[in-house]
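Final position of the sequence shown in my numbering is 118; the numbers increase by one with none missing.
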Amino acid sequence: LGAEGGLCYLAKGTVVLDIYDPVGQSLACLQRAAAVLGQILKGEMIEDLAEEFFAYWNGWLCFVDMQGEDLGRQNCIVAQANGNPLWFITDNEDRTTRKLHSLGYQVTDKTVLTYRV
2 LGAEGGLCYL
12 AKGTVVLDIY
22 DPVGQSLACL
32 QRAAAVLGQI
42 LKGEMIEDLA
52 EEFFAYWNGW
62 LCFVDMQGED
72 LGRQNCIVAQ
82 ANGNPLWFIT
92 DNEDRTTRKL
102 HSLGYQVTDK
112 TVLTYRV
């Protein structure tokens, strides 16, 4: 999963598309993407995701302020520091917000859907 929300579901150079069947080829690509996303949501591709994460991540900086070990949906605070956005994944919004304010960061009202797997 990339910073812009893209899902890499095929290895580069491993597929040949039939230009005479664009609808069938589009459906096959969607089916493969759905299968890969399904594996990710089931926790079946964790090693692959960890291995490729930094190769595809070109987004904003993301920091983690987690004290618990709960999996699943987490909170994400988007803050501004010197005009630059920073993401903070947290299991306690109040604690993280206090830390950010003590650093002089401005907490925005933006949120990002975040899961811990």
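By construction, the Cβ of each residue, glycine as well, lies at the ideal position given by its N, Cα and C atoms. Note that this is a predicted model, so its numbers are computed, not measured.
| Check | Outcome |
| --- | --- |
| Within 8 Å, strictly: CB atoms of Gln68 and Ile90 | no |
| Straight-line gap, Leu28 to Val17 (C-alpha atoms, nearest Å) | 14 Å |
| Residue from Gly44, Ile41, Glu45 and Asn93 whose Cα sits closest to the Cα of Val65 | Asn93 |
| Exposed unless 16 or more other CB atoms sit within 10 angstroms - verdict on Leu101 | buried |
| Top-ranked residue by Cα proximity to Leu117, from Gln32, Gln26, Leu62 and Ile41 | According to the sequence displayed, residue 117 carries Arg and not Leu. Measuring from the Cα of Arg117, the nearest candidate turns out to be Ile41. |
| Cβ-based burial, Ala82 [other Cβ within 10 Å; buried from 16] | exposed |
| Beta-carbon proximity of Thr115 to Val108, cut-off 8 Å | no |
| Alpha helix (DSSP H) segment containing Leu38, residue limits | Pro23 to Leu42 |
| Whether Cys63 touches Thr112 by CB criterion (8 Å) | no |
| Of the residues Pro23, Val37, Cys30 and Lys43, the one placed nearest Leu72, counting alpha carbons only | Lys43 |
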